[in-house]
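Novice: Numbering (UniProt numbering), first residue to last: 1 to 293.
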């Protein structure tokens, strides 16, 4: 017997994949697609950017679709060869098998992808849950990471349950009960400090209502796990983040990474505004130019 689907109904999966395709049409570049076999199942990978550029792997956030957070890195597409996998077990084209985020499973999954592309080491970026995936790789295969960009990452500080409940629990619960536009707007406003794009709001509304959400986060990384990790690491925080508040994130990140840490914080929510995205891309490009040898 196979794994149960993460989608309520087959037509929900078709709708979300249609939203995925609509998002890709907004990208002003050629996109290749490939399915890669891994020990955890089939993984769909988007390949784009500069054909002969240095490789940059980008991992998306939980409970969303890959192009949504991949779009945050668009100004890097001109200079890097981008590999962006649909995280296995999350909405998208990869297999729906859920992978344990607390052990070495995601590190093994990423290593399978690197082996497929014959990449010994490269730069990595991860958003939220995707940042936690990069940290699992750093813990188990530190030699694979030449440098890392972690955007509002999981895996560093604990999920801010109080702030999240205060901002999101009531509208989220009401939305799941009655599918109200008003309630999903309250949820997405809390996630983005009022700046979420319409297409993101539509996709998140569908996923929150009709997909079995992944509630488990990548385990919190301990300094001892990174004893062999020597890659420069840029952590990007959001001052209005309902999940990983900037003050908590900085304190933990400084203790974990020490001199490896570069730190940026912007006045934005967990989802950035357009203005913040411009600043982020400038800082990310500068960081990669300095550290991606």
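Glycine is no exception: its CB is placed at the ideal position from the N, C-alpha and C atoms.
Keep in mind the model is a prediction, meaning the values are calculated, not measured.
Since residue 219 contacts residue 101 with CB under 8 Å, what's their CB separation in whole angstroms?
Specialist: Indeed, because the Cβ distance is near 7 Å, the residues count as touching under 8 Å.
Novice: Determine the DSSP secondary structure at residue 287, reduced to helix, strand or coil.
Specialist: It is helical.
Novice: Take residue 260 and list the residues in its own chain whose beta-carbon comes closer than 8 Å to its own, dropping the five residues that flank it on each side.
Specialist: Closer than 8 Å at the Cβ level, and outside the excluded window around residue 260, lie 229, 230, 231, 232, 233.
Novice: At which residue ranges does the region 55–122 contain complete alpha helix (DSSP H) runs of 4 or more residues, listed in the order of the chain?
Specialist: The region 55–122 contains these whole alpha helix (DSSP H) runs: 66–70, 105–116.
Novice: Measuring alpha carbon to alpha carbon, tell me which residue in 12, 4, 283, 5 is nearest residue 202.
Specialist: Of the listed residues, the one whose Cα sits closest to residue 202 is 12.
Novice: Quick test of the definition: if touching needs 3 or more C-beta pairs under 8 Å, does the region 35–42 touch the region 59–75?
Specialist: With the cut-off at 8 Å, the region 35–42 and the region 59–75 do not touch.
Novice: Residue 81 and residue 42 - do their beta-carbons sit closer together than 8 Å?
Specialist: No, these two residues do not count as a Cβ contact at 8 Å.
Novice: Which whole-angstrom value is the C-beta distance of residue 123 and residue 249, which I expect to be below 8 Å?
Specialist: About 21 Å; that fails the 8 Å criterion.
Novice: Taking a contact to mean a Cβ-Cβ separation below 8 Å, would you say residue 15 touches residue 206 in this structure?
Specialist: Closer than 8 Å, so yes.
Novice: What first and last residue would you give for the alpha helix (DSSP H) that runs through residue 211?
Specialist: First-last for residue 211: undefined, no H or E at that position.
Novice: So residue 269 and residue 221 are supposed to be a Cβ contact under 8 Å. How far apart are they, rounded?
Specialist: Their Cβ separation, rounded to whole angstroms, is 23 Å, which puts residue 269 and residue 221 out of contact at 8 Å.
Novice: For the pair the region 99–117 and the region 16–25, tell me if three or more CB-CB distances fall below 8 Å.
Specialist: No, the region 99–117 is not in contact with the region 16–25.
Novice: Is it buried or exposed, residue 30, if we count other Cβ atoms within 10 angstroms and call 16 or more buried?
Specialist: Exposed, by the Cβ-count rule.
Novice: Mapping DSSP to helix, strand and coil, what is residue 39?
Specialist: Coil.
Novice: Got a sec, what are the start and stop residues for the beta strand (DSSP E) residue 152 sits in?
Specialist: Taken as a continuous stretch (DSSP letters only), residue 152 belongs to no beta strand (DSSP E), as it is neither H nor E.
Novice: Give the straight-line distance between the Cα atoms of residue 70 and residue 274, rounded to the nearest whole angstrom.
Specialist: Their Cα atoms are separated by approximately 14 Å.
Novice: Residue 284: which of 146, 138, 75 sits nearest, CA to CA?
Specialist: Here the closest residue by C-alpha is 75.
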